[in-house]
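Numbering (this note's numbering), first residue to last: 2 to 95.
Virtual Cβ for every residue (Gly too), placed ideally from N, Cα, C.
Remember, it's a predicted structure, so these values are computed and weren't measured experimentally.
The next block holds one structure in the form of structure tokens; read it before the comments.
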């Protein structure tokens, strides 16, 4: 059981770290994807407001993704903790 708890703990920590990275790097990743979007355009010229909308959308997507990953990591950590407490007490009683 300890290996399962260790594995879930590592998974929880990785989810939280990746989520935080996605949130904190969302502006630079959104800008980079916006630049790539401009390059893919036929003539290479776009309206500034349209470009800002694309960058804002990409940035928001990364913030939402990071929030979901952090929340999932915290949830996995909480479930792991309480499962360990509950099942740990049952195995000690047996």
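Member of the options whose CA lies at the smallest distance from the CA of residue i
i          : options    : result
residue 62 : 18, 28, 16 : 28
Backbone secondary structure at residue i - three-state DSSP
i          : result
residue 48 : coil
Residue range of the unbroken alpha helix (DSSP H) whose run includes residue i
i         : result
residue 5 : 3–25
- Message: Taking 8 Å as the cut-off, does the stretch 76–88 touch the stretch 43–62 (at least 3 CB pairs, one atom from each stretch)?
- Response: Under the three-pair Cβ rule at 8 Å, the stretch 43–62 does not count as touching the stretch 76–88.
- Query: Is it true that the stretch 63–81 meets the stretch 12–21, where meeting means three or more beta-carbon pairs spaced less than 8 Å apart?
  - Reply: yes
- Item | Touch test, the stretch 6–13 against the stretch 40–52, Cβ-Cβ under 8 Å, three pairs minimum | no
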